[in-house]
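A.B. asks:
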Amino acid sequence: MAAIEQDSESFSLGQLWSDKRYRAVVTQILVIAGVFLFLSFIITNAIENLEALGKTFGFEFLEAPASYDINQALIPYNSRDTHLRAAVVGLLNTALVAFCGCVLATILGFILGVLRLSTNFLINRLVYCYIEFVRNVPVLLQILLWHGVIVTSLDVPRNAYSPVADVFLTNRGFYVPRPVFEPGFVFVAITFVAAVAGMVIFRRWAKKNQEATGQIFPVFSIGVAAIIGLPVIAFFVAGMPMSLDAPALEGFNFQGGMVLRPEFTALWLALSLYTAAFIAEIVRSGIQSVSHGQTEAAYALGVKPNWTMRLIIIPQALRVIVPPLTSQYLNLTKNSSLAIAIGYMDITATLGGITLNQTGKEMECMILLLMVYLTISLLISAFMNWYNKRIALVER
Amino acid sequence: MTDTATQPRSYEPGNHPDLPPPLLTSGPLAWVKHNLFGSPLNIALTVISLYLLYLIVPGLLNWAIFDAVINAGSREECKAIAAGACWALPAIRFDQFLYGFYPDHLHWRINLTAVLFFLALLPVLWDNAPFRKQWLIYSCIFPVIAFFLVVGGLGMEEVETTKIGGFALNVIIGVTGIVASLPLGILLALGRRSQMPIVRTLCVMFIEFIRGVPLITLLFVASTMLNYFLPPGTTFDLILRVLIMVTLFSSAYIAEVVRGGLQAIPKGQLEAADAMGLRYWQSMRLIVLPQALKISIPGIVNTFVGLFKDTTLVVIIGLTDVLGVGRASLSDSKWQGLPEEVYVFTAILFFVCCFSMARYSTYLEKKLHTGHKR
Chain U
35 MAAIEQDSES
45 FSLGQLWSDK
55 RYRAVVTQIL
65 VIAGVFLFLS
75 FIITNAIENL
85 EALGKTFGFE
95 FLEAPASYDI
105 NQALIPYNSR
115 DTHLRAAVVG
125 LLNTALVAFC
135 GCVLATILGF
145 ILGVLRLSTN
155 FLINRLVYCY
165 IEFVRNVPVL
175 LQILLWHGVI
185 VTSLDVPRNA
195 YSPVADVFLT
205 NRGFYVPRPV
215 FEPGFVFVAI
225 TFVAAVAGMV
235 IFRRWAKKNQ
245 EATGQIFPVF
255 SIGVAAIIGL
265 PVIAFFVAGM
275 PMSLDAPALE
285 GFNFQGGMVL
295 RPEFTALWLA
305 LSLYTAAFIA
315 EIVRSGIQSV
325 SHGQTEAAYA
335 LGVKPNWTMR
345 LIIIPQALRV
355 IVPPLTSQYL
365 NLTKNSSLAI
375 AIGYMDITAT
385 LGGITLNQTG
395 KEMECMILLL
405 MVYLTISLLI
415 SAFMNWYNKR
425 IALVER
Chain G
150 MTDTATQPRS
160 YEPGNHPDLP
170 PPLLTSGPLA
180 WVKHNLFGSP
190 LNIALTVISL
200 YLLYLIVPGL
210 LNWAIFDAVI
220 NAGSREECKA
230 IAAGACWALP
240 AIRFDQFLYG
250 FYPDHLHWRI
260 NLTAVLFFLA
270 LLPVLWDNAP
280 FRKQWLIYSC
290 IFPVIAFFLV
300 VGGLGMEEVE
310 TTKIGGFALN
320 VIIGVTGIVA
330 SLPLGILLAL
340 GRRSQMPIVR
350 TLCVMFIEFI
360 RGVPLITLLF
370 VASTMLNYFL
380 PPGTTFDLIL
390 RVLIMVTLFS
400 SAYIAEVVRG
410 GLQAIPKGQL
420 EAADAMGLRY
430 WQSMRLIVLP
440 QALKISIPGI
450 VNTFVGLFKD
460 TTLVVIIGLT
470 DVLGVGRASL
480 SDSKWQGLPE
490 EVYVFTAILF
500 FVCCFSMARY
510 STYLEKKLHT
520 GHKR
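Chains as they are written, first to last, in my numbering: chain U, 35 to 430; chain G, 150 to 523.
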C-alpha cells in the first residue's frame, strides 16, 4: 500500500474506497485479513479444545491395530491389521461400488434414454414413469428399501430362490458361480490383448487408407468379430482352461462360488438405478439437442441412416452429454458414502465410522476422509475433462 | 416412396374415377398403427412393454390395494387378514411420520407454519400477484414467525428442538437450507466471476471443496467436529449445526447455478450500466442480478429438489426425520419385517413433493425458453 500512496501526489485516504483502482486492492487485503482472522480463531479454538480434552493431534493412530472385522475385503485383511489398512480396504470397497455403479448406470441410462425417445407410445410412457419415480425419491431411501427387500423378503439359504441354475438369491447375499482359471488361460488372455492391439492398429491404418483412397473397411464389425472371436477360438484350442465353481448348499450356508453380499448388492443396485434415471434424461436431451436439420442434411447427401447416427448425431450429442455425465459419476461416487446406513464397509464406514469412534481422533479422521473424497472427485473430473476435450468441437 | 411405383408413369387423358381416401392417416387406428406397430422393432417393443405391464401392474395393484390391510394391531394380524401390504403401520404412526415427537397438542403450530409458508411463497412465484410489494415484506419476515411458531417462545409453550422430527424436519431443513443459502450462493457466484484474483480464488476453492465431498461427511463434521472450532464451553444445538452445514453445502451448488445465469447475461448489459455511471453493486442489483436470477430459477428449484431429497441424510447422524421414524417403527417388535410398506409410504411422500416441484421447474423453463424450438 505504501508504494501506491507515494506514487500518487494528490492522494487522500478517501480515495482508497472511492477510487476503483485502489478499492480492488483494499477489498482483497480486507478479505485476506478476514480469512486469516477466521482461520486463526478456529485453529486456536481447536488447539484449546483439544488440550482441554487431553487429546493430541497426530496420525500415529493409523499404525495401531484396528481390531475390528470387515466382512468384504478386496485385499487380505484381519482384525490385527492397522487402521491404515482398514482405511485402504474401505477405500477399495468405495472404488469397487463406484466403478460397478458407474458402469451399470451408464449402460442402463443410455438404454433408457434412447427408449425414452422411441416413437413407441407404451415404452416411452413406461420409461418416463420409471425415470420420474426414481429421480424424485431420495437415494438413501432407495438404498434402505433395496436392503430391506433383500434381507427380509428373500429366504434363508436353505430355501434359496434360484432363477437360473447355480445362481441363488438368499437373504445372506446372491451366490453365483465363480470362474476358476487354470494355467492355460494365460494363452486366452494374451490372444485377447493381441486382438485388441491389432484392431487399434488396423483402425488407424483403415482411417489413413480411407483418407488416402476413399476406400472404407467395416472396421467395427471386423473389430467385434476379432476381439470376441479370436479369444473364443483360443479358449477351445487351449482345451477350455476354465471351469465354474458353483455354490453348493452345505449345512446352513452355501460353500464355494462367489457371493455378492446384501449390502453391496443393495447399494450397487440402488445407486445404479438412481443414477441411470438421471443419465437417461441427459442422454435424451443430448440427442434432442442435435438439430433435426443435421439428420435431414445427412439424408439429402445420401448418408445411410445408421451412418447418420454414428457419424453425425452421436458425435454432436456426446458433446452435450459428457459434461453433465461427469457430474453424475461424481454424484454416484459421493452417494456411495451412504453405504454407512446399511453397513457396507466403505471408506466412510471404516475411517469415518469405526476408526473414528474407536480412537476418538475426530479431527484427523475427518480431515483424511475429506481429502480422500476430494482427491477422488478431482481425479474423476480430470479424466472426464480430458475425454471432453478429445470430443469437443475443434474450431478453426 | 412406394406409391410412386404404382402410379401411372404419365397422365392419360380421359375420365378417371375418384381415388378412395387414404386409409389410416388419422383416428385412433392410425395412431395405434403409427405409435405401436409401425415397424418390427416397434412391435417388439410393444410386446415387451405389454409383458412388463402384465408382470408389474396386477401384482402391484394386488399388493398395494386389493390385498392390503389398513386396520390391524400388529404384523401378525395384518398377515392373518390378507397377504398384501400392511398399511396399518404407517396409518397408526401417521402423526409420527409427519411430526416426529413434536407434542400432539401443538401439531397445529406446524400446520399453521406450513400454511403461512405457502402464503409467503406465493408472491415470490406469482409475478402478477395483487399488492405484491407489501406481500413480499411479509415473505421477508416469515422466517422469524416460523421460528417462533416451531420452537415456541413469546408466550407460547416452548418445544425442545430434539422433539422436532418426521417429515416436518425434512421440510424445515430443506427450506431453511435453500433460503439461507440463496444470498450466500449469489455472493459466491459474484465472487467467482470477480476481477479480483484473491477473492476469486477463495470462492473457487470454497465451491470446489464443498462440491467435491459428500454431504454425509459434512454432516459428520457438523456432528463431531464443529464444537472443536468454537470457543471452549459453547455448545450448539445439533439441528442448528446441521442447518449451518446444509446451508454451506447448498450455497456452493446455488453459486454454480447463479454463475450459469450470470454467464448468460450479455456483456453489453454491464458495459451499459458502467456507461450510465452505476457503481458495481448498483449495476449488479439493478441490471445484472434481476435478469440472471430470473433465468436461474429453474436451476434453483432443481437444486432445492436435490437438497430436499438429501435432507434424509440427517438420519445417519441421529436425527429422527421421516426415515428415522420409519427405521424406529421397523424395530418395534410388533411390526418387524415391513420395510417395503414403510419405505414405499415415505417414498410416496417425497415423490409427491419433489415431482410437483420438478414439474414447476420444467414449466418455468418452457416459459423462459424463448429461443428456437423444434
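Every residue gets a Cβ at the ideal spot worked out from N, C-alpha and C, and that includes glycine. Nothing here was measured: the structure is a model prediction, and the numbers come from that model.
#1: At a CB distance below 9 Å, what residues from the segment 456-468 of chain G approach chain U? Give them in sequence order.
#2: Buried or exposed for U/Ala-86, please, with buried defined as at least 16 other CB atoms from any protein chain shown within 10 angstroms of its CB.
#3: Between G/Ile-466, G/Leu-238, G/Ala-329, which lies nearest to G/Val-293 when the distance is taken from Cα to Cα?
#4: Mind reading off the beta-carbon distance from G/Leu-501 to G/Gly-314? Whole number of angstroms is fine, and I expect it under 8 Å.
#5: Any idea if U/Ser-101 is buried or exposed, counting beta-carbon neighbours within 10 angstroms, 16 or more meaning buried?
#6: Taking its Cβ as the centre, do 16 or more other Cβ atoms sit within 10 Å of G/Val-454, making it buried, or is it exposed?
#7: Would you give the residue range spanned by the alpha helix (DSSP H) that U/Thr-367 belongs to?
#8: Using three-state DSSP, classify U/Thr-206 as helix, strand or coil.
#9: Where does G/Gly-302 land, buried or exposed, given buried means 16+ other C-beta within 10 angstroms?
#10: Using alpha carbons as the reference points, say which of G/Leu-238, G/Tyr-248, G/Leu-298, G/Ala-213 lies closest to G/Ala-232.
#11: Taking the continuous beta strand (DSSP E) assigned at U/Glu-284, which residues delimit it?
#12: By Cβ distance, which residues of its chain are closer than 7 Å to U/Asn-83, with the 5 residues on each side in sequence left out?
#13: Around the C-beta of U/Gly-207, are 16 or more other C-beta atoms found within 10 angstroms, so that it is buried, or is it exposed?
#14: Give a yes or no on whether 9 Å exceeds the smallest Cβ distance from G/Asn-191 to chain U.
#15: For G/Cys-227, count the other beta carbons within 10 Å of its own beta carbon; 16 or more makes it buried, fewer makes it exposed. Which is it?
#16: Show which residues of chain G have a CB atom less than 9 Å away from the CB atom of U/Val-317.
#17: From G/Ile-444, G/Thr-325, G/Asn-211, G/Val-370, pick the residue whose C-alpha is nearest to that of G/Ala-263; which is it?
#18: Mind checking which residues open and close the alpha helix (DSSP H) that includes U/Ser-74?
#19: Pick out whichever of U/Gly-182, U/Pro-281, U/Phe-91 has its Cα sitting closest to the Cα of G/Gln-485.
#20: Based on Cα-Cα distance, which residue from G/Leu-435, G/Pro-346, G/Pro-177 lies nearest to U/Ala-58?
#21: Measuring CB atoms only, is the segment 394-404 of chain G touching the segment 356-365 of chain G, in the sense that at least three cross pairs come out at less than 8 Å?
#22: Is the beta carbon of G/Tyr-377 closer than 9 Å to that of G/Phe-316?
#23: With DSSP collapsed to three states, give me the class of U/Asn-419.
#24: Checking contacts by CB at 9 Å: is U/Gln-362 closer than that to chain G?
#25: Grab the span of the beta strand (DSSP E) containing U/Gln-289 for me, first residue to last.
#26: Would you kindly check if the distance between the Cβ of U/Val-185 and the Cβ of U/Gln-176 is under 9 Å?
#27: Is U/Leu-294 helix, strand or coil by DSSP?
#28: Taking the beta carbon of U/Thr-204 as the centre, do at least 16 other beta carbons fall within 10 Å, making it buried, or is it exposed?
#29: Along the segment 400-418 of chain U, what residues have a CB closer than 7 Å to any CB found in chain G?
#30: Determine which residues share a DSSP beta bridge with G/Gly-131 and list them.
#31: Let me know if G/Ala-421 comes out buried or exposed under the rule of 16 or more other beta-carbons within 10 Å of its beta-carbon.
#32: Return the CA-CA distance between U/Ile-388 and U/Ser-325, expressed in angstroms with no decimal places.
#33: Report yes if the CB atom of U/Leu-64 is closer than 9 Å to the CB atom of U/Tyr-56, and no otherwise.
#34: Using a Cβ-Cβ cut-off of 8 Å (strictly less than) and excluding sequence neighbours within five positions of U/Gly-273, which residues of its own chain qualify?
#35: Would G/Met-425 count as contacting chain U if we go by Cβ distances under 9 Å?
#36: By how many angstroms is the C-alpha of U/Thr-309 removed from the C-alpha of U/Leu-146?
C.D. replies: Looking at the coordinates:
#1: Phe-457, Lys-458, Asp-459, Thr-460, Thr-461, Leu-462, Val-464, Ile-465
#2: exposed
#3: G/Ala-329
#4: For the record, residue 501 of chain G in the displayed sequence is Val; it is not Leu. At roughly 20 Å, the Cβ-Cβ gap does not stay under 8 Å, so G/Val-501 and G/Gly-314 are not in contact.
#5: exposed
#6: buried
#7: 348-369
#8: For clarity, residue 206 of chain U is Arg in the given sequence; the question names Thr instead. Coil.
#9: exposed
#10: G/Ala-213
#11: 282-284
#12: none
#13: buried
#14: yes
#15: buried
#16: Correct list: empty, because the minimum Cβ distance to chain G is about 17 Å.
#17: G/Thr-325
#18: 54-86
#19: U/Gly-182
#20: G/Pro-346
#21: yes
#22: no
#23: helix
#24: no
#25: 287-289
#26: no
#27: strand
#28: buried
#29: Met-400, Leu-403, Leu-404, Tyr-407, Leu-408, Ser-411, Leu-412
#30: Any property of residue 131 of chain G remains undetermined from this structure, which presents chain G solely from 150 to 523.
#31: exposed
#32: 53 Å
#33: no
#34: Gly-218
#35: no
#36: 12 Å
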